[in-house]
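Chains as they are written, first to last, in my numbering: chain A, 1461 to 1811; chain B, 1461 to 1811; chain C, 1461 to 1811.
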Amino acid sequence: MNVTVGEIAAEVGGKVIGDVSVRLTGMNGIRQAQEGDLSFISSSRYLRYLDDSKAAALLVPPSIGEASVPLIQVADPYAAFLTLLGQHCPGRDTRPKKGVHPSAVIGDRVVLGEAVALDAHVRVADNAVLGDNVCVYAGAYIGDGVRIGADSVVYPHASILAGVTLGARCIVHSGAVIGSDGFGYVPGPEGPRKIPQTGGVVLGDDVEVGANSCIDRATFGSTVIESGTKIDNLVQIGHNVEMGRGCIICGNAGISGSAILGNGVTVAAGAGIGGHIEVGDGVTVAGLSGVTKSVEPGRVVSGFPAMDHERDKRIQASLRRLPDALREIRALRRRIEELENTRDGMSEDHS
Amino acid sequence: MNVTVGEIAAEVGGKVIGDVSVRLTGMNGIRQAQEGDLSFISSSRYLRYLDDSKAAALLVPPSIGEASVPLIQVADPYAAFLTLLGQHCPGRDTRPKKGVHPSAVIGDRVVLGEAVALDAHVRVADNAVLGDNVCVYAGAYIGDGVRIGADSVVYPHASILAGVTLGARCIVHSGAVIGSDGFGYVPGPEGPRKIPQTGGVVLGDDVEVGANSCIDRATFGSTVIESGTKIDNLVQIGHNVEMGRGCIICGNAGISGSAILGNGVTVAAGAGIGGHIEVGDGVTVAGLSGVTKSVEPGRVVSGFPAMDHERDKRIQASLRRLPDALREIRALRRRIEELENTRDGMSEDHS
Amino acid sequence: MNVTVGEIAAEVGGKVIGDVSVRLTGMNGIRQAQEGDLSFISSSRYLRYLDDSKAAALLVPPSIGEASVPLIQVADPYAAFLTLLGQHCPGRDTRPKKGVHPSAVIGDRVVLGEAVALDAHVRVADNAVLGDNVCVYAGAYIGDGVRIGADSVVYPHASILAGVTLGARCIVHSGAVIGSDGFGYVPGPEGPRKIPQTGGVVLGDDVEVGANSCIDRATFGSTVIESGTKIDNLVQIGHNVEMGRGCIICGNAGISGSAILGNGVTVAAGAGIGGHIEVGDGVTVAGLSGVTKSVEPGRVVSGFPAMDHERDKRIQASLRRLPDALREIRALRRRIEELENTRDGMSEDHS
Chain A
1461 MNVTVGEIAA
1471 EVGGKVIGDV
1481 SVRLTGMNGI
1491 RQAQEGDLSF
1501 ISSSRYLRYL
1511 DDSKAAALLV
1521 PPSIGEASVP
1531 LIQVADPYAA
1541 FLTLLGQHCP
1551 GRDTRPKKGV
1561 HPSAVIGDRV
1571 VLGEAVALDA
1581 HVRVADNAVL
1591 GDNVCVYAGA
1601 YIGDGVRIGA
1611 DSVVYPHASI
1621 LAGVTLGARC
1631 IVHSGAVIGS
1641 DGFGYVPGPE
1651 GPRKIPQTGG
1661 VVLGDDVEVG
1671 ANSCIDRATF
1681 GSTVIESGTK
1691 IDNLVQIGHN
1701 VEMGRGCIIC
1711 GNAGISGSAI
1721 LGNGVTVAAG
1731 AGIGGHIEVG
1741 DGVTVAGLSG
1751 VTKSVEPGRV
1761 VSGFPAMDHE
1771 RDKRIQASLR
1781 RLPDALREIR
1791 ALRRRIEELE
1801 NTRDGMSEDH
1811 S
Chain B
1461 MNVTVGEIAA
1471 EVGGKVIGDV
1481 SVRLTGMNGI
1491 RQAQEGDLSF
1501 ISSSRYLRYL
1511 DDSKAAALLV
1521 PPSIGEASVP
1531 LIQVADPYAA
1541 FLTLLGQHCP
1551 GRDTRPKKGV
1561 HPSAVIGDRV
1571 VLGEAVALDA
1581 HVRVADNAVL
1591 GDNVCVYAGA
1601 YIGDGVRIGA
1611 DSVVYPHASI
1621 LAGVTLGARC
1631 IVHSGAVIGS
1641 DGFGYVPGPE
1651 GPRKIPQTGG
1661 VVLGDDVEVG
1671 ANSCIDRATF
1681 GSTVIESGTK
1691 IDNLVQIGHN
1701 VEMGRGCIIC
1711 GNAGISGSAI
1721 LGNGVTVAAG
1731 AGIGGHIEVG
1741 DGVTVAGLSG
1751 VTKSVEPGRV
1761 VSGFPAMDHE
1771 RDKRIQASLR
1781 RLPDALREIR
1791 ALRRRIEELE
1801 NTRDGMSEDH
1811 S
Chain C
1461 MNVTVGEIAA
1471 EVGGKVIGDV
1481 SVRLTGMNGI
1491 RQAQEGDLSF
1501 ISSSRYLRYL
1511 DDSKAAALLV
1521 PPSIGEASVP
1531 LIQVADPYAA
1541 FLTLLGQHCP
1551 GRDTRPKKGV
1561 HPSAVIGDRV
1571 VLGEAVALDA
1581 HVRVADNAVL
1591 GDNVCVYAGA
1601 YIGDGVRIGA
1611 DSVVYPHASI
1621 LAGVTLGARC
1631 IVHSGAVIGS
1641 DGFGYVPGPE
1651 GPRKIPQTGG
1661 VVLGDDVEVG
1671 ANSCIDRATF
1681 GSTVIESGTK
1691 IDNLVQIGHN
1701 VEMGRGCIIC
1711 GNAGISGSAI
1721 LGNGVTVAAG
1731 AGIGGHIEVG
1741 DGVTVAGLSG
1751 VTKSVEPGRV
1761 VSGFPAMDHE
1771 RDKRIQASLR
1781 RLPDALREIR
1791 ALRRRIEELE
1801 NTRDGMSEDH
1811 S
């Protein structure tokens, strides 16, 4: 990257405040920027980082018009920064080479599409079918009968177990496990007895599964994640869950068995959804909350047990006033006692 | 599978309402059922799914007697369904073949029992001992001196580290780590200083460890999980934990170092148990709760800090009424003020 | 190990109560101790375990002076026990042998320091640089351009992805993932659209990353973990997080994207830190709490939303009294009604 402030401004349709001829040689966040780097801030409260920053120029919102470096005003500095990043700093291609590495082990009746890349120590079990351009990093496991759609990427040490199906353009990050047994037992005289987990997992197109996340296979039928749903790291998805299109499931969340999520549901970090619960289209579940009963479409819920977010906020605000309220109750009781004493005195007067 | 409704009914001792001659060719849940599938519902509230279902017949409880498809009435439709599933849809065997795959790497002084299966890229370090019929999937790691009892199964990318012992018929799911270092440090002038973690991990028979769960080795002695205990995915078990027989530990739960759990303890999803705490036999810890002090046998606890579940429910119910209560307190104060004003007026009258 | 109580006492500067000639052949915790084992207790409340213990002698604090076995009084029995453990029971060396195992696959332009150990099925991609004495266990993945400092240890199935940098003496436990994509999307007409994650991860010296923990790469620039910070198992660290020196991050914790932690921060088990939050030097975040706004240095916070711990404790104590308070409010209302009735009666008397 070697461009001027003026050239960058032209590219993103921004207005320059300052020297258009300053040369930019890299891009980074305000705190990590080195000499020559273009950076950005989205609000004037981050201007305080500018003193210690080596950034050579900043993308800023129109509300910021003065600083010690050239500014490029745009409506959405973060979006503009990301666009420029993709164009000027795409990164080196570090994907495994096309072809099958000699140390990969491929089973019987496996079908590989065009331009598949299987890196070192990949294991593909019998009957698997991999679409064109599928890229499997070193040490990943593709089980018996697995089907992976074209252009999907499987990172190191991901385990895609027997019978699982992935659509096109899926991304499975390192250590993710798709198709582990559902957690189901019946009580027995000798302790819990395992229920056979005979079903599968079906992912649509453009699904992303984060590092070390787990999606259990169904007890029967399929655990289903529909197209465009994105799952962060360390997420647990139980057997027979059905999740709609375009959901966002953030890190450390847990979706218990047989829960049904609609389309466009957002589950924030660390939240839990109970088993057999239905969560409607477009619902947002706040971070660290626990959903214990079904939620109507479009609602925002929080807390544990999760409830309407506005109501939860009122309750939380009340809770912070509770110690004062308990003192107030004691004070009121004393005042009532005084009133009662006065009344009793008066009654005696009247008697 | 190709049987009639009448034949299935005979098998489970059920009573048919409708046409006994309808042919069944598969089994699935009500929402995923295809033409010819036997399905089930456990309550009339699921009858609403029947309109959109292609299920050809349903296992139902005796309380349901009418539907658009043949019904087979049984006491426990889900249990009957699971039994039939095991008999009619056992699934294809997709386990690795018996024997040692040429790409597996076996150390010195390793002892392998009869009919062991070690798939591609398995690493067995020196001095390990694997019992008869042990099955190790591709890429799993068996550390130095590990002992695994007969008929155990280790899934891809599980790591069983040096010195760990597993009983018979254990199941270790993909990516699970048994024998990682306990998390122990002492403060030092240069920051936290690592305490050597020199102990091991001992699992009894029939223990199941979920995908990407972690069981730390003991600082000294052993972390112990007794026979029949079942651990779900993404569970963290700290160093020197001792867990009894037949426990059920659900997904995303965390058991801190040196906690002691009795027999038959259930820890629901996302719950945490603090360090050095004792949890008695048969205790149930509710989901998302946090146990901060020891719990007597047989109790059901919930909340954070966890307390008797009935008490927690009362407190939670009270909490939901708190905003109203605060309004009520303000109203009462005003009424008291009025009473006080009246009294003071009267006092003046009397004076 | 074969020493006398007297010899051990001399080694730790302790005072013996009882027979100095008793021979000690091992070391273990009080509950697991076998015949001949030295054990310890840190408080008299653990004396109750002594009856069922086979321990031959105990390290105890000076406050304990009587028991059925010889006692060695020292100021800090646990610290003394750990010191003795390192000297007398160091454990067998089970690390992989120096050198490159023939089944390891090394890319182009890789630089290996002196005495590096790469065990079976390790994959090192192009351009990686490993310092002297680096030890990589079987099946670990070292991505393109990764740099690992001297004396670091990488356990089985850890994934260190392209471009990540580790300092000296780091420990990466089994299944940990460093450099997975940050979780970033922009809404699009077809659903969430992935933001390219082009940055890296930089770990300082002496950083430890627990089993199956995940550290995401930065969207741009670097996710940074400074020297001496210790991360437990199953911890999620989002893109662009910056974490200072000597932090302790306990199991199941989650640090959301772009959060900034100072030096010496402790995050207890299961806690969550929200995105873009700043947590000052020396802060302690209690277990299971959720930090939703920035925290000043040195504070102890707990609860969700996290607040000053003392205030949270008062609120929690109040909460436990809430059901009684609600009853009290009802009782006060009745007493006020009575007072009002009396007053109204009096008013009528007076009228």
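Heads up, the beta-carbon is just placed ideally off N, CA and C, and yes, glycines get one too.
Three-way DSSP call (helix, strand, coil) for residue i in this model
{"i": "A1713 of chain B", "result": "coil"}
{"i": "D1804 of chain C", "result": "helix"}
{"i": "G1486 of chain B", "result": "strand"}
{"i": "R1771 of chain A", "result": "helix"}
{"i": "G1466 of chain B", "result": "helix"}
{"i": "Y1615 of chain C", "result": "coil"}
{"i": "L1544 of chain A", "result": "helix"}
{"i": "I1733 of chain A", "result": "strand"}
{"i": "Y1538 of chain A", "result": "helix"}
{"i": "D1592 of chain B", "result": "coil"}
{"i": "A1766 of chain A", "result": "coil"}
{"i": "D1568 of chain C", "result": "coil"}
{"i": "Q1494 of chain B", "result": "coil"}
{"i": "R1780 of chain C", "result": "helix"}
{"i": "L1721 of chain C", "result": "strand"}
Alpha-carbon spacing of residue i relative to residue j, whole angstroms
{"i": "A1731 of chain C", "j": "S1504 of chain B", "result": "41 Å"}
{"i": "A1577 of chain A", "j": "C1674 of chain C", "result": "25 Å"}
{"i": "V1614 of chain A", "j": "I1638 of chain A", "result": "11 Å"}
{"i": "R1793 of chain A", "j": "L1792 of chain C", "result": "7 Å"}
{"i": "E1467 of chain A", "j": "F1643 of chain C", "result": "30 Å"}
{"i": "D1479 of chain C", "j": "L1518 of chain C", "result": "12 Å"}
{"i": "R1653 of chain C", "j": "V1646 of chain C", "result": "5 Å"}
{"i": "G1681 of chain B", "j": "S1513 of chain C", "result": "13 Å"}
{"i": "G1805 of chain A", "j": "E1797 of chain A", "result": "12 Å"}
{"i": "N1723 of chain C", "j": "I1685 of chain C", "result": "10 Å"}
{"i": "L1414 of chain B", "j": "A1588 of chain B", "result": "Absent from the model: residue 1414 of chain B. The displayed extent of chain B is 1461 to 1811, so no value can be given."}
{"i": "I1733 of chain A", "j": "G1750 of chain A", "result": "6 Å"}
Candidates the options, of which the one nearest residue i by Cα
{"i": "A1713 of chain C", "options": "B:Q1696, B:I1789, B:N1700 and B:V1761", "result": "B:Q1696"}
{"i": "A1618 of chain C", "options": "C:I1501, C:V1669 and C:R1653", "result": "C:V1669"}
{"i": "E1650 of chain B", "options": "C:P1656, C:T1485, C:P1649 and C:G1688", "result": "C:G1688"}
{"i": "M1703 of chain C", "options": "C:A1527, C:T1683, C:G1711 and C:L1519", "result": "C:T1683"}
{"i": "A1580 of chain C", "options": "C:V1589, C:N1593 and C:P1562", "result": "C:P1562"}
{"i": "A1728 of chain C", "options": "C:V1755, C:I1691 and C:G1734", "result": "C:I1691"}
{"i": "L1621 of chain B", "options": "C:S1481, C:I1620, C:P1616 and C:V1624", "result": "C:P1616"}
{"i": "K1557 of chain C", "options": "C:C1595, C:E1574 and C:L1590", "result": "C:C1595"}
{"i": "T1485 of chain C", "options": "C:C1630, C:R1491, C:N1462 and C:E1788", "result": "C:N1462"}
{"i": "V1571 of chain C", "options": "C:G1659, C:H1736, C:P1521 and C:A1610", "result": "C:A1610"}
Beta-bridge partners of residue i, as assigned by DSSP
{"i": "A1585 of chain B", "result": "In DSSP, A1585 of chain B forms no bridge with anything."}
{"i": "S1499 of chain C", "result": "C:L1518"}
{"i": "K1654 of chain C", "result": "C:Y1645"}
{"i": "M1461 of chain A", "result": "In the DSSP output, where bridge partners are listed per residue, M1461 of chain A has none listed."}
Relative to chain C, which residues along the segment 1627–1638 of chain A have a C-beta separation below 8 Å, given in chain order? I1631, H1633, S1634 and G1635
Listed from N- to C-terminal order along the chain, which residues in the segment 1535–1551 of chain B have their beta-carbon within a distance smaller than 9 Å of any beta-carbon of chain A? A1539, F1541, L1542, L1545, G1546, C1549, P1550 and G1551
Got a sec: which bits of the segment 1645–1663 of chain B sit with their beta carbon under 8 Å from any beta carbon on chain C, in order along the chain? Y1645, V1646, E1650, G1651, P1652, K1654, I1655, P1656 and T1658
May I ask you to list, following chain order, the residues of the segment 1786–1809 of chain C that have a beta carbon less than 9 Å from some beta carbon of chain A? E1788, I1789, A1791, L1792, R1795, I1796, E1798, L1799, T1802, R1803, M1806 and D1809
Pull out every residue of the segment 1697–1711 of chain C whose Cβ sits closer than 8 Å to any Cβ of chain B, in chain order. R1705, G1706, I1708, C1710 and G1711
Name, going along the chain, the residues of the segment 1552–1572 of chain C whose beta-carbon falls closer than 8 Å to a beta-carbon of chain A. S1563 and V1565
Chain B contacts made by the segment 1753–1787 of chain C, where a contact means CB separation under 7 Å: L1779, R1780, L1782, P1783 and L1786
Please list the residues of the segment 1609–1628 of chain C that have a C-beta atom closer than 8 Å to any C-beta atom in chain A, keeping them in chain order. H1617, S1619, L1621, A1622 and G1623
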